[in-house]
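Encoded as structure tokens, the structure appears first; notes follow it.
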Amino acid sequence: MLRRLLKAPDFTPSNVLKSLLLFVCNPIWFGYTNFFEFYTTLHPFRLAHFTFYHTFHGAIFAFIAIALRLEHKDMLLQQYLFLVWVVKESAKDKLKKSKRKDQNLNYVILGFVGMVVSVWALFGCVLAIDFKFHGNVFGWLYIAAICAFIASYSMIFNAYKDLYLMLPAENRPFFGIKRYVVLFGLFHLSVAIGTFFVTKSWPLCCLLTFASFIFLVNAWSCFFTDSYILCEHRRCESDMKDQPTDGIICHVAVRRNSGEMEKLPIGVQFDDKLDTSILAYRVLESRRGSRKED
């Protein structure tokens with residue numbers, strides 16, 4: 621972490637002030653963002669990463685309070701911590717051993733959809749436990765939903781890929797005003813307001829509702845995008861200015877959303893016939909265990 625903060629040319633007054641403000645406002649997120657060796661690990665879908673991190677930890681700590689109200693609380697807590705650790709390590713190990721060098725759009729979509737389903741499952745479990753409806757059963761389902769949440773997040777995580785994907789700016793959910801974002805936002809806002817009147821766990825329910833909104837609009841934008849961009853990793857934010865700019869290696873057209881297009885501009889490939897072996901890109905060597913050694 622210290623190496624990144626002091627590494628020129630990032631060590632500038634503006635960046636120091638920015639880092640200090642982030643540390644003061646959200647020290648845990650500050651530590652999380654600086655844990656990864658490469659800036660681009662959290663660069664695409666940054667708000668989704670931010671939302672997952674806070675939702676995951678909010679759900680973790682909330683379950684401890686919930687479990688204390690249930691029978692067999694000791695066994696639940698022990699199994700909970702053990703299963704979460706096993707799923708986290710299994711997902712990490714699978715990512716490390718993956719032979720695919722580029723991030724796949726279909727996996728990213730599946731990851732976002734899985735996270736949406738997981739947070740709504742958590743939402744339902746919280747309500748059921750609050751209303752004392754088969755508390756122990758829904759306590760176990762809560763654990764299963766947390767594990768599914770972790771597994772789904774691993775599908776959008778790019779730290780162990782040589783090439784990560786990002787959407788063109790105009791296809792991102794919060795670029796301009798988009799109708800689907802407004803509609804989904806109004807729906808989730810109404811649900812969040814409703815939780816004030818039906819449950820004492822409304823802070824957690826509001827957090828889960830916000831998470832559902834963020835993951836859903838990202839899933840929608842990824843599913844309906846007509847193209848995406850494959851980029852190489854960069855160690856620092858300032859490195860994004862190096863050639864190729866922003867690390868852009870290849871533009872990829874999504875065939876299902878490209879109509880009857882048969883021919884593509886030079887350098888553009890269809891997603892179902894993507895060949896990364898012909899691409900020229902750099903693979904940064906990891907100085908520690910945040911991604912594959914090269």
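In the working numbering, the protein residues as written are 621 to 914.
No residue lacks a Cβ here, since even glycine has one placed at the ideal position from N, Cα and C.
Contact under 8 Å by Cβ, residue 676 with residue 743: The residue given as residue 676 occupies position 56 in the sequence shown. The residue given as residue 743 occupies position 123 in the sequence shown. No, these two residues do not count as a Cβ contact at 8 Å.
Through-space distance from residue 832 to residue 797, alpha-carbon basis: Reading the sequence shown from its first residue, position 177 is the one you call residue 797. Reading the sequence shown from its first residue, position 212 is the one you call residue 832. If you take the alpha carbons of residue 797 and residue 832, they lie about 19 Å apart.
Classification of residue 852 by the beta-carbon crowding that lies within 10 angstroms, buried from 16 upward: Against the sequence shown, residue 852 aligns to sequence position 232. Buried, since its Cβ has 16 or more Cβ neighbours within 10 Å.
Selected residue, minimal CA-CA separation from residue 713, among 721, 792, 774, 870: Mapped onto the sequence shown, residue 713 falls at position 93. The shortest Cα separation from residue 713 among 721, 792, 774, 870 belongs to 774.
Cutoff 7 Å; reference residue 898; Cβ partners in own chain excluding five residues on either side: Within the sequence shown, residue 898 is the residue found at index 278, counting from 1. The same chain holds no residue with a CB closer than 7 Å to that of residue 898 once the five nearest residues on each side in sequence are set aside.
Host beta strand (DSSP E) of residue 888 (start-end): Here residue 888 is taken as the residue at index 268 of the sequence shown, counted from 1. Start and end: 888-890.
Residue of 814, 836, 840 minimising C-alpha distance to residue 877: Counted from its first residue, the sequence shown places residue 877 at position 257. Nearest option by C-alpha distance: 840.
The region 806-821 contacting the region 855-864, beta-carbon criterion three pairs below 8 Å: no
At least 3 beta-carbon pairs within less than 8 Å: the region 730-747 vs the region 760-769: yes
Secondary structure of residue 657, DSSP reduced to three states: Your numbering for residue 657 matches position 37 in the sequence shown. Coil at residue 657, not helix or strand.
Beta-carbon proximity check, residue 830 vs residue 671, cutoff 8 Å: Your numbering for residue 830 matches position 210 in the sequence shown. Your numbering for residue 671 matches position 51 in the sequence shown. Against a cut-off of 8 Å, the Cβ pair of residue 671 and residue 830 comes out as a contact.
When 885, 865, 866 are compared against residue 872, the one with the closest alpha-carbon: In the sequence shown, residue 872 corresponds to position 252, counting from 1. With distances taken between Cα atoms, residue 872 lies closest to 885.
contact_flag[the region 771-786, the region 797-808] where n(CB pairs < 8 Å) is 3 or more: no
For residue 868, the first and last residue of its enclosing beta strand (DSSP E): Here residue 868 refers to the residue found at position 248 of the sequence shown. Residues 868-873.
Inter-residue spacing [alpha-carbon to alpha-carbon] between residue 800 and residue 837: Stepping through the sequence shown from its first residue, residue 800 is reached at position 180. Stepping through the sequence shown from its first residue, residue 837 is reached at position 217. When rounded, the distance between both Cα atoms is 8 Å.
Cut-off 6 Å between Cβ atoms - residues of its own chain near residue 821, not counting five sequence neighbours on either side: For the purposes of this step, residue 821 is taken as the residue at position 201 of the sequence shown. Cβ neighbours of residue 821 beyond the five flanking positions: 746, 750.
Proximal residues to residue 867 (C-beta, below 6 Å), its chain only, five neighbours per side dropped: For the purposes of this step, residue 867 is identified with residue 247 of the sequence shown, where counting begins at 1. Excluding residues within five positions, the ones whose Cβ falls inside 6 Å are 851, 852, 854.
Cβ-based burial, residue 648 [other Cβ within 10 Å; buried from 16]: Residue mapping note: residue 648 aligns to position 28 of the sequence shown, counting from 1. Per the 10 Å Cβ criterion, exposed.
Reference residue 789, options 639, 658, 678, 665, closest by Cα: On the sequence shown, residue 789 is found 169 positions in, with the first residue counted as 1. Taking only the C-alpha atoms, the option nearest residue 789 is 665.
Local conformation of residue 847 per DSSP, three classes: Along the sequence shown, read from residue 1 onward, the residue named residue 847 stands at position 227. Strand.
Residue 862, DSSP secondary structure in three states: As a first step, residue 862 must be located in the sequence shown, where it is residue number 242. Note: residue 862 maps to coil in three-state DSSP.
Through-space distance from residue 725 to residue 752, alpha-carbon basis: Taking the sequence shown and counting its residues from 1, the one referred to as residue 752 is at position 132. Taking the sequence shown and counting its residues from 1, the one referred to as residue 725 is at position 105. Rounded to whole angstroms, residue 752 to residue 725 spans 41 Å at the Cα level.
Where residue 784 sits in the DSSP three-state scheme: Within the sequence shown, residue 784 is the residue found at index 164, counting from 1. Three-state result, residue 784: strand.
DSSP three-state assignment for residue 895, whether helix, strand or coil: The residue given as residue 895 occupies position 275 in the sequence shown. Residue 895 falls in the coil class under three-state DSSP.
Check whether residue 766 and residue 668 have beta carbons under 8 Å apart: Locating residue 766 in the sequence shown gives position 146, counting from the first residue. Locating residue 668 in the sequence shown gives position 48, counting from the first residue. Not in contact: residue 766 and residue 668 (Cβ atoms no closer than 8 Å).
Cross-strand partners of residue 852 (DSSP beta bridge): Position 232 of the sequence shown, counted from the first residue, corresponds to residue 852. Note: residue 852 sits in a beta bridge opposite 783.
Backbone CA spacing between residue 827 and residue 640 [nearest angstrom]: The residue labelled residue 827 in the question sits at position 207 within the sequence shown. The residue labelled residue 640 in the question sits at position 20 within the sequence shown. If you take the alpha carbons of residue 827 and residue 640, they lie about 26 Å apart.
Whole alpha helix (DSSP H) elements within the region 729-784, 4-residue minimum: Those alpha helix (DSSP H) runs which fall completely within the region 729-784 and span 4+ residues are 755-774.
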